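**Q** So that we are looking at the same thing, I have put the structure below in structure tokens.
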Amino acid sequence: MPEREIPEEYLEGCARILAEVAATGRRLTRDEIASRRALGERAAEAGFGLRSLVSAHLSGARGAWPRGADSADGALAAVQQVVDAFAEGYERAQRLAVRQEEAARRGVIDDL
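Just so we're on the same page, the numbering used here is the position in the sequence shown counted from 1, plus 348.
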């Protein structure tokens, strides 16, 4: 079964963040990290696969990649932070879904 195309909403702001971070050398802010986590959670809840989501982020990073050779380290660090925060949110949503399913199963068993 082919993967669904990833909507742009799950990459919202990623190119801008990467460009700013690569240009300045700063790390992502708490708000930027929180926004990536939230998007990861939403993507997981929508049923998108993590591999496709990471691939979409890497494609977006390639498009926003700074052209100066000196900024490669900063750009890679930014990509790592963005993908890490996004995946953390995704994993959190997955764990929550598993817990909810387990609680529902226990409830059914208790009712028997």
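Virtual Cβ for every residue (Gly too), placed ideally from N, Cα, C.
All values derive from a computational prediction rather than experimental measurement.
Nearest-angstrom Cα distance between R453 and R440?
**A** Computed Cα separation, rounded: 20 Å.
**Q** Helix, strand or coil for R410? Go by DSSP, reduced to three states.
**A** In the structure shown, R410 sits in a helix (DSSP, three-state: H, G or I).
**Q** Please list, in chain order, all residues of the same chain as A392 whose beta carbon is under 6 Å from its beta carbon, the five residues on each side excluded.
**A** Taken in chain order, the residues that qualify are Y438, A441, Q442.
**Q** Note down the Cα distance separating A445 from G395, rounded to an integer number of angstroms.
**A** C-alpha separation (whole angstroms): 11 Å.
**Q** Does DSSP classify I365 as helix, strand or coil?
**A** It is helical.
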